[in-house]
Every structure is written in C-alpha cells, then in structure tokens.
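Data first, discussion second: the structure below is written as structure tokens.
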Amino acid sequence: MSIESIRDALPAFARDLKLNLTTVLATPELTPAQRWGAALSAAVAARNPELVAAVESDAAQHLDAAGRDAARAAAAIMAMNNVYYRFTHLVEDADYGRMPARLRMNVIGNPGVPHLDFELWSMGVSAINGCGMCMASHARAVTEKGGSKEAVQAVVRIAAVVNAVAVALEEARRTEALPAAA
Numbered sequence: 001m002s003i004e005s006i007r008d009a010l011p012a013f014a015r016d017l018k019l020n021l022t023t024v025l026a027t028p029e030l031t032p033a034q035r036w037g038a039a040l041s042a043a044v045a046a047r048n049p050e051l052v053a054a055v056e057s058d059a060a061q062h063l064d065a066a067g068r069d070a071a072r073a074a075a076a077i078m079a080m081n082n083v084y085y086r087f088t089h090l091v092e093d094a095d096y097g098r099m100p101a102r103l104r105m106n107v108i109g110n111p112g113v114p115h116l117d118f119e120l121w122s123m124g125v126s127a128i129n130g131c132g133m134c135m136a137s138h139a140r141a142v143t144e145k146g147g148s149k150e151a152v153q154a155v156v157r158i159a160a161v162v163n164a165v166a167v168a169l170e171e172a173r174r175t176e177a178l179p180a181a182a
C-alpha cells in the first residue's frame with residue numbers, strides 16, 4: 001500500500017483530494033522529513049488504518065524509525081493535550097487555565113527529532129483536533145525555533161488533506177465504492 005494506491009483508489013467524489021494529496025506532499029516550504037512526519041502524524045490522528053499504512057510505507061523513504069516514532073508520538077500526545085487544553089479554553093473559567101495539568105508530556109521535551117519538526121507535526125494534529133489554544137502555542141513555538149509561517153501553513157494544508165482523504169476513504173467503504181482493506 002502506498003500514497004499512490006490510496007490516491008488512485010479515491011472515488012470520483014474526492015477528485016480534488018487526489019490532486020491536493022500530490023501537491024501538499026511536494027510543498028517546498030518543508031524538508032522531506034517535515035512533510036512526511038506531518039503526513040504520518042496527521043494520518044494517525046485521522047484514524048484510518050489503511051491510510052496510516054500507506055503513509056507509513058512511503059514515509060519510510062524519508063524518515064528513520066525515530067522520526068516515524070516521533071510522528072506517532074506527536075499524534076498521541078496531542079490526542080491528550082488537545083482535549084485537555086481545548087477544555088481549559090472553552091470552559092470560560094480562568095481558574096481551570098491556572099490549575100496544573102498534571103499530565104505527563106515528556107516527549108515534547110525530548111521527541112527524538114529536531115524540536116522544530118515535532119512542533120510542526122504537533123501543529124498539524126492540533127489543527128485536525130480543533131484545539132485553538134494548542135494551535136496558537138505551536139505556531140509561536142515554530143517561529144521561535146526558526147520556522148516560518150509558510151511552514152506552519154504547509155503543515156496545516158497537509159493535515160487538512162490527509163484528514164479529508166481519511167473521511168473520503170471511510171465514506172467510500174460505507175457506500176461500498178471500494179473493496180474492503182486486505
């Protein structure tokens with residue numbers, strides 16, 4: 001399974017996604033490792049096993065094992081943080097924001113890849129999960145670590161397309177437009 005096979009299998013209603021998938025994974029604003037780490041973390045966050053397998057297969061050409069683990073770690077830690085910090089923001093009670101989270105987040109300090117890359121991947125996952133507080137924090141961290149606003153936008157575009165591809169694949173399965181995954 002590869003991204004090309006996923007792209008080729010997308011049904012007609014997702015033709016824009018076919019084009020976008022190719023385009024976002026070639027964005028010049030990011031290094032190949034940043035692009036593929038963003039795609040892998042987004043695929044994990046989008047929770048489609050077929051898509052995760054395809055992205056992981058292609059990402060192996062651009063990310064070593066530590067990079068692939070860090071991308072999965074970004075999806076995992078943001079799955080927790082995005083829920084917690086979205087709550088503290090949306091509850092509209094400043095007391096919750098002042099309380100210690102008491103959640104382990106050691107991987108953020110030692111992700112096993114450059115901190116800039118991990119911040120970018122966390123940004124993409126936070127966009128999928130809809131945590132405004134986390135998105136703002138990661139956008140600031142990216143620029144503080146030398147990244148650009150264009151890099152942030154590129155990662156969010158990758159996350160948006162990967163998430164949309166996961167939705168299209170699930171809908172295609174539901175309507176039996178595609179055969180079941182092997």
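Residue 1 is where the sequence shown starts when you use UniProt numbering, and the numbers rise one by one after that.
Ideal Cβ positions, reconstructed from N, Cα and C, are used throughout, including at glycine.
In this text the structure is predicted, and so the values were computed from the model without any measurement.
Indicate the three-state DSSP secondary structure (helix, strand or coil) for Leu51 in the structure shown.
Three-state DSSP puts Leu51 in a helix.
As assigned by DSSP and simplified to three states, the class of Gly132:
Residue state, collapsed to three classes: helix.
Unbroken alpha helix (DSSP H) run spanning Gly109, endpoints
Note, Gly109: alpha helix (DSSP H), 106-109.
For Val165 and Gly109, I'd like the C-alpha separation in whole angstroms.
Val165 and Gly109 have their C-alpha atoms roughly 31 Å apart.
At least three beta-carbon pairs within less than 8 Å, the stretch 29-37 to the stretch 8-15:
For the pair of segments examined, the stretch 29-37 was found not to touch the stretch 8-15: the number of CB pairs separated by less than 8 Å stays below three.
What is the C-beta distance between Glu29 and Glu150, in whole angstroms, given that I count them as a contact (C-beta under 8 Å)?
Right, the Cβ-Cβ distance comes to about 4 Å (below 8 Å), so this counts as a contact.
Ala38 - containing alpha helix (DSSP H), residue span:
Segment 32-46, the alpha helix (DSSP H) holding Ala38.
Alpha carbon to alpha carbon, what distance is there between Ser148 and Arg15?
Whole-angstrom Cα-Cα distance: 30 Å.
For Asn82, tell me which candidate among Ala94, Asn163, Met135 has the shortest Cα-Cα distance.
Among Ala94, Asn163, Met135, the Cα nearest to that of Asn82 belongs to Met135.
Compute the Euclidean distance between the alpha carbons of Lys18 and Val91, then round it to the nearest angstrom.
Here the C-alpha atom of Lys18 lies approximately 38 Å from the C-alpha atom of Val91.
Using a threshold of 9 Å, state whether the C-beta atoms of Ala60 and Val162 are closer than that.
Going by C-beta atoms, Ala60 is not nearer than 9 Å to Val162.
Would you check if the distance between the CB atom of Val156 and the CB atom of Ala127 is smaller than 9 Å?
The answer is yes: Cβ separation under 9 Å.
Given this structure, state the Cα-to-Cα distance separating Asp58 from Val125, to the nearest angstrom.
Between Asp58 and Val125, the alpha-carbon positions lie close to 19 Å from each other.
In whole angstroms, what separates the C-alpha of Ala46 from that of Thr175?
Spanning the alpha carbons of Ala46 and Thr175 requires a straight line of approximately 19 Å.
May I ask which residues mark the beginning and end of the alpha helix (DSSP H) holding Lys149?
Lys149 -> alpha helix (DSSP H) spans 149-174.
Using C-beta distances below 6 Å, list every residue in its chain close to Ser2, excluding the 5 sequence neighbours before and after it, in chain order.
Within its own chain, the residues whose Cβ lies closer than 6 Å to the Cβ of Ser2, once the five positions on either side in sequence are excluded, are Ala54, Ser57, Asp58, listed in chain order.
Thinking just about the alpha-carbon of each residue, which of Tyr84, Ala172, Ser122 is nearest to the one in Ala74?
Minimum Cα-Cα distance from Ala74 among the listed residues Tyr84, Ala172, Ser122 corresponds to Ser122.
If Gly112 and Asp69 are in contact, beta carbons under 8 Å, what's the gap, nearest whole angstrom?
Confirmed, about 6 Å.
Where does Asp64 sit, in a helix, a strand or coil, going by DSSP?
It is coil, neither helix nor strand.
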